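Everything on this sheet refers to the single structure shown next.
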Amino acid sequence: MASAEPLLLIEDLHVSVGDREILRGVDLAIGEGETHVLLGPNGTGKSTLLNTIIGLPNYRVTQGRIVFKGQDLSGLEIDERARLGIGIAFQRPPAVRGVRLRQMLDVAAGGKLPEETVVKLDEDLSLEYMLDREVNMGFSGGEAKRSEMAQLLVQEPDLALFDEPESGVDLDNIAVVGAAMNALLKGDGRVSERTRSGLIITHTGHILQYVNADIAHVLYEGHLACRGNPLDLIDEISRHGYDACVECAICQRL
Amino acid sequence: MPETVSTAAQQRLAEIREAAEKAIDKPATLGPDVDITRFRTVSEQDKIDSLASLEKQIKETVIHSGFVADESERSGSYFQMDRTPIYERVQNAFDNAIEIMSTQDALAKWPDEMLEKYWWRAVMPDKDKYTALVALHQTEGYFIRVKAGHKVEKPIQACLFVSESNVSQNVHNLIIVEDGAEANVITGCNVHVDVKEGLHAGISEFYVGKNAKLTFTMVHNWGEDFSVRPRTAVVVDDGGVYINNYVLLTPVKSIQSFPVAKLEGKGSTAVFNTIVYGLKKSIIDLGSEAQLIGEGSRSEAVARTVTLDESVVYSRGRLIGRTNDCKAHLDCRGIVQSSASTQWAIPDLVSEGAPGAELSHEAAISPIAAEEIYYLMTRGLPKDEAVSMITRGFVNIDIPGLPDVLRRQIDKALEETAKEAM
Ligand SMILES: Nc1ncnc2c1ncn2[C@@H]1O[C@H](COP(=O)(O)OP(=O)(O)OP(=O)(O)O)[C@@H](O)[C@H]1O
Ligand SMILES: [Mg+2]
Chain A
1 MASAEPLLLI EDLHVSVGDR EILRGVDLAI GEGETHVLLG PNGTGKSTLL
51 NTIIGLPNYR VTQGRIVFKG QDLSGLEIDE RARLGIGIAF QRPPAVRGVR
101 LRQMLDVAAG GKLPEETVVK LDEDLSLEYM LDREVNMGFS GGEAKRSEMA
151 QLLVQEPDLA LFDEPESGVD LDNIAVVGAA MNALLKGDGR VSERTRSGLI
201 ITHTGHILQY VNADIAHVLY EGHLACRGNP LDLIDEISRH GYDACVECAI
251 CQRL
Chain B
1 MPETVSTAAQ QRLAEIREAA EKAIDKPATL GPDVDITRFR TVSEQDKIDS
51 LASLEKQIKE TVIHSGFVAD ESERSGSYFQ MDRTPIYERV QNAFDNAIEI
101 MSTQDALAKW PDEMLEKYWW RAVMPDKDKY TALVALHQTE GYFIRVKAGH
151 KVEKPIQACL FVSESNVSQN VHNLIIVEDG AEANVITGCN VHVDVKEGLH
201 AGISEFYVGK NAKLTFTMVH NWGEDFSVRP RTAVVVDDGG VYINNYVLLT
251 PVKSIQSFPV AKLEGKGSTA VFNTIVYGLK KSIIDLGSEA QLIGEGSRSE
301 AVARTVTLDE SVVYSRGRLI GRTNDCKAHL DCRGIVQSSA STQWAIPDLV
351 SEGAPGAELS HEAAISPIAA EEIYYLMTRG LPKDEAVSMI TRGFVNIDIP
401 GLPDVLRRQI DKALEETAKE AM
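From first to last, the protein sequence lines stand for chains A and B.
Numbering of the first sequence is given in my numbering, commencing with residue 1 and proceeding in unit increments.
Numbering of the second sequence is given in my numbering, commencing with residue 1 and proceeding in unit increments.
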């Protein structure tokens with residue numbers, strides 16, 4: 001693929017859930033090594049966008065397209081998208097009776113994980129009590145987020161989608177989750193060699209104390225209404241709210 | 001029968017025979033009727049000196065039901081081929097703790113004790129034509145006794161094997177776990193790969209003494225044309241615990257079984273764990289009954305059923321409360337995976353004049369939630385593998401106290417079934 005082409009390219013995306021059109025013309029390009037932030041009021045369709053990128057069947061694309069690594073994703077199953085290099089940490093992952101977190105990690109790694117790797121993950125994310133429990137079954141909010149991070153870390157996707165990674169997580173654990181996201185996005189840490197990309201949904205921006213993001217977008221009334229520096233935008237929204245934000249001067253209106 | 005048999009014993013034997021004769025045409029209340037007159041009884045086979053000398057193919061078959069030729073992981077073994085107990089051995093370390101022999105030998109050795117306390121005391125010979133068949137034309141079966149106070153952790157293994165077609169194997173098994181003793185028995189029932197039609201009628205009477213514990217795990221591995229009619233009853237004394245694990249992962253023509261735990265003792269407990277895959281045209285009618293008779297008795301039954309192909313499965317469970325202080329729960333869940341298969345979940349609770357009895361059930365038949373499948377797919381797993389993994393998780397219930405050896409056996413069997421189902 002040409003180096004100028006973004007890793008993820010979304011053009012004029014319209015998505016319906018049931019009879020309702022939630023997204024009405026989303027345009028977004030995420031380049032290799034870039035981390036973007038997605039802001040927007042509750043219920044505007046932020047999760048809908050992520051779920052559509054990964055290919056959950058309830059989210060019907062009625063217009064537009066999603067291109068990843070130069071390949072149009074329409075018609076690709078969820079697992080095909082995952083194997084192509086897209087990973088997601090869900091806002092509220094479902095509990096799966098009978099499947100343990102340990103097994104999920106093996107699945108995400110594409111084979112049996114070496115015990116050292118599991119031990120390391122456990123140290124980094126304090127998984128101890130969760131590893132042999134059924135995944136997300138009775139996990140606390142923070143536990144579920146750490147479990148999602150562990151799965152993404154072993155999956156090593158080229159594009160990681162994080163749906164509110166810090167919501168419901170206490171301050172200590174935000175640092176833990178943030179460190180995991182950082183490790184995932186930065187790889188071995190050399191900025192020049194950053195190749196992984198991320199898209200992070202956040203309301204508070206707390207996670208941005210741990211993860212460097214390049215740009216933020218505001219999803220408003222079905223499309224990305226404006227974009228700008230992530231911390232500036234969050235600051236503006238916290239002062240004046242979303243309605244004012246999409247009209248304000250600090251962001252780049254689209 | 002030795003000549004020393006007392007008149008009382010002889011009289012009892014005559015009574016059993018008489019009752020059975022009257023019931024030989026009596027159909028069972030559940031399950032498709034089997035024409036028992038079509039089968040001849042199984043034949044004699046040669047004894048062997050060591051399990052290692054079993055035919056390779058037989059070894060490979062029986063391993064699916066947890067029977068291993070390497071006895072270092074076992075405290076004792078019983079192997080019956082057709083009608084002959086070809087191998088019976090207790091490992092030296094357990095010589096004082098365990099007795100293993102055929103039930104015919106046990107009856108010959110201790111006729112009065114057997115007849116008075118155990119032989120046809122928990123199961124009635126005139127229950128139906130299958131009990132009658134065994135009473136009249138018995139072809140051995142195993143006798144296992146664990147002596148008082150001996151807690152034997154290493155499993156005792158028993159295998160009932162059928163190598164011929166068009167026969168009926170009519171076994172009568174006895175397990176006695178005396179007061180304060182503990183035992184783990186793994187039994188496998190298998191047929192030779194070449195065997196076509198046949199019938200296995202098996203009477204099992206188990207006696208769990210005071211504060212004794214019996215974990216009985218049965219992995220069935222019959223043929224597609226085989227009919228199976230076990231008749232099992234377990235009597236549990238004060239503080240005794242009976243755990244029944246049943247696994248059926250291969251096709252069968254029909255099987256109908258409804259083991260009964262008679263919790264006569266104070267504070268006695270029975271637990272039934274059942275894992276069933278309905279495959280091909282199998283007709284499977286399984287259940288368990290707990291009779292809560294002794295004060296403080298408890299029971300729990302957990303069943304997981306998956307039906308595929310054209311199988312029909314009945315998953316029954318009955319709890320009978322007969323004492324005020326008793327508590328029992330049934331939990332049966334099923335997944336119907338083929339539109340040509342049928343599944344019934346039939347929980348059944350009875351309180352017979354026991355106002356304080358607490359009996360409850362949860363029964364559900366429902367598919368795997370789509371969002372769970374999608375979740376696994378987001379980690380890169382193809383849909384069919386995701387379904388198989390969740391299904392395996394669904395049936396692979398946590399069986400508390402299940403020894404690792406058995407856990408591994410069941411995991412392995414499930415693994416293989418999942419592979420074959422792919
Ligand atoms: N599977 C679904 N079934 C029905 N409605 C849905 C589904 N998914 C999303 N919606 C609806 O689409 C709209 C957008 O939801 P979405 O979850 O994308 O919002 P969000 O921006 O992520 O909100 P929040 O900040 O609260 O997480 C909501 O009205 C929601 O109820
Ligand atoms: Mg959301």
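All residues carry an ideal CB built from backbone N, CA and C; glycine is no exception.
No experiment lies behind these values; they were computed from the predicted model shown.
What does the Cβ neighbour count give for residue i, buried or exposed, with the cut at 16 atoms within 10 Å?
i	result
A:Tyr-129	exposed
A:Lys-112	exposed
A:Thr-44	buried
A:Glu-236	buried
B:Thr-187	buried
B:His-220	buried
A:Arg-20	exposed
B:Met-422	Low per-residue confidence applies at B:Met-422: pLDDT is 45, beneath 50, and the placement is therefore not dependable, though the value from the model is reported in the following sentence. Label assigned to B:Met-422: exposed.
A:Leu-171	exposed
A:Asn-51	buried
B:Gln-343	buried
B:Glu-15	exposed
B:Ser-297	buried
B:Pro-367	exposed
A:His-240	exposed
A:Met-1	A caution first: A:Met-1 carries a pLDDT of 42, below 50, which makes its placement in the model unreliable, though a value can still be read off. Counting Cβ neighbours within 10 Å, A:Met-1 comes out exposed, since fewer than 16 surround it.
Sort out for me which residues DSSP pairs residue i with in a bridge.
i	result
B:His-329	B:Glu-300, B:Ser-360
B:Tyr-277	B:Val-306
B:Tyr-246	B:Met-218, B:Thr-274
B:Tyr-78	B:Glu-88, B:Ala-158
B:Arg-40	B:Val-167
B:Met-101	B:Phe-143
B:Gln-291	B:Lys-262, B:Ile-320
B:His-344	With the sequence shown as reference, residue 344 of chain B is identified as Trp, and His is not the correct amino acid for it. According to DSSP, which records beta bridges pairwise, B:Trp-344 is partnered with B:Tyr-314.
B:Ile-365	B:Gly-334
A:Ala-89	A:Phe-162
B:Tyr-130	The partner list for B:Tyr-130 (beta bridge, DSSP) is empty, contrary to what the question assumes.
With hydrogens ignored, establish whether the beta-carbon of residue i is closer than 7 Å to any heavy atom of ligand 2.
i	result
A:Glu-164	yes
B:Ser-315	no
A:Pro-46	Sequence check: residue 46 of chain A is Lys here, not Pro. Because some heavy atom of ligand 2 lies under 7 Å away, the Cβ of A:Lys-46 counts as near it: yes.
A:Ile-201	yes
A:Gln-91	yes
Looking at ligand 1, does it come within less than 7 Å of residue i, judged from the CB to the closest heavy atom?
i	result
A:Gly-43	yes
A:Ile-22	yes
A:Gly-40	yes
A:Asn-58	yes
A:Gly-17	This sequence places Val at residue 17 of chain A; Gly is not what is there. Because some heavy atom of ligand 1 lies under 7 Å away, the Cβ of A:Val-17 counts as near it: yes.
Going by the C-beta, is residue i closer than 7 Å to any heavy atom of ligand 3?
i	result
A:Gln-151	The model on display carries ligand 1 and ligand 2 but not ligand 3.
* Per the contact definition of three or more C-beta pairs closer than 8 Å, is the stretch 201-208 of chain A in contact with the stretch 166-182 of chain A? -> Counting Cβ pairs under 8 Å, three or more are found: they touch.
* Asked: Are there three or more Cβ pairs, one per stretch, closer than 8 Å when the stretch 98-116 of chain A is compared with the stretch 131-142 of chain A?
  -> With the cut-off at 8 Å, the stretch 98-116 of chain A and the stretch 131-142 of chain A touch.
* the stretch 323-352 of chain B: positions lying closer than 8 Å to chain A by Cβ -> Within the stretch 323-352 of chain B, no residue has a Cβ that lies closer than 8 Å to any Cβ of chain A.
* **Contacting positions in the stretch 64-89 of chain A - beta carbon closer than 9 Å to chain B** => Answer set for the stretch 64-89 of chain A: Glu-77, Ile-78, Asp-79, Glu-80, Arg-81, Ala-82, Arg-83, Ile-86, Gly-87, Ile-88.
* To do: Compile a chain-ordered list of the residues in the stretch 222-250 of chain A whose CB is closer than 7 Å to at least one CB of chain B.
  => Within the stretch 222-250 of chain A, no residue places its CB atom closer than 7 Å to a CB of chain B.
* On the three-pair Cβ rule with 8 Å, is the stretch 71-84 of chain B touching the stretch 154-162 of chain B? -> Yes, the stretch 71-84 of chain B is in contact with the stretch 154-162 of chain B.
* Would you check if the stretch 30-45 of chain B and the stretch 194-212 of chain B touch, i.e. whether three or more CB-CB distances between them fall below 8 Å? => Yes, the stretch 194-212 of chain B is in contact with the stretch 30-45 of chain B.
* Asked: Between the stretch 318-333 of chain B and the stretch 344-356 of chain B, do three or more beta carbon pairs fall short of 8 Å?
  -> These segments touch.
* To do: Assess, as a yes-or-no matter, whether the stretch 24-35 of chain A is touched by the stretch 81-101 of chain A under the definition of 3 or more beta carbon pairs within less than 8 Å.
  => Cβ pair count under 8 Å is below three, so no.
* To do: Quick one: which residues of the stretch 135-162 of chain A get their C-beta closer than 7 Å to a C-beta of chain B? List them in chain order.
  => Correct list: Gln-151, Gln-155.
* To do: Could you tell me whether the stretch 59-78 of chain A touches the stretch 11-24 of chain B, where touching means 3 or more Cβ pairs closer than 8 Å?
  => No, they do not touch.
* What residues in the stretch 102-117 of chain A bring their beta carbon closer than 8 Å to a beta carbon of chain B? -> If the cut-off is 8 Å between Cβ atoms, the stretch 102-117 of chain A has Gln-103, Met-104, Val-107, Ala-108, Gly-110 near chain B.
* Asked: Per the contact definition of three or more C-beta pairs closer than 8 Å, is the stretch 233-244 of chain B in contact with the stretch 259-266 of chain B?
  -> By the criterion of at least three beta-carbon pairs nearer than 8 Å, the stretch 259-266 of chain B is in contact with the stretch 233-244 of chain B.
* **Where the stretch 231-260 of chain B meets chain A: residues whose CB sits under 8 Å from a CB there** => Of all residues in the stretch 231-260 of chain B, none comes within less than 8 Å of chain A when Cβ atoms are compared.
* Give the residues from the stretch 53-64 of chain A that approach chain B closer than 8 Å (Cβ to any Cβ), ordered along the chain. => Residues passing the 8 Å Cβ filter: Ile-54, Leu-56, Pro-57.
* Taking three-plus beta-carbon pairs below 8 Å as touching, is the stretch 273-288 of chain B in contact with the stretch 237-257 of chain B? -> Yes: at least three Cβ pairs fall under 8 Å.
* Report yes or no: do three or more beta-carbon pairs, one from the stretch 211-218 of chain B and one from the stretch 171-187 of chain B, lie closer than 8 Å? => At 8 Å Cβ cutoff, the stretches touch.
* **chain B contacts from the stretch 13-47 of chain A (Cβ-Cβ distance under 8 Å)** => Answer in chain order: no residues at all.
* Can you give me, in chain order, the residues of the stretch 379-391 of chain B that have a beta carbon less than 9 Å from any beta carbon in chain A? => The stretch 379-391 of chain B vs chain A, Cβ under 9 Å: Arg-379, Gly-380, Leu-381, Pro-382, Lys-383, Glu-385, Ala-386, Met-389, Ile-390, Thr-391.
* **Near-chain A residues of the stretch 36-47 of chain B (beta-carbon distance less than 7 Å), N- to C-terminal order** => Those would be none; no residue qualifies.
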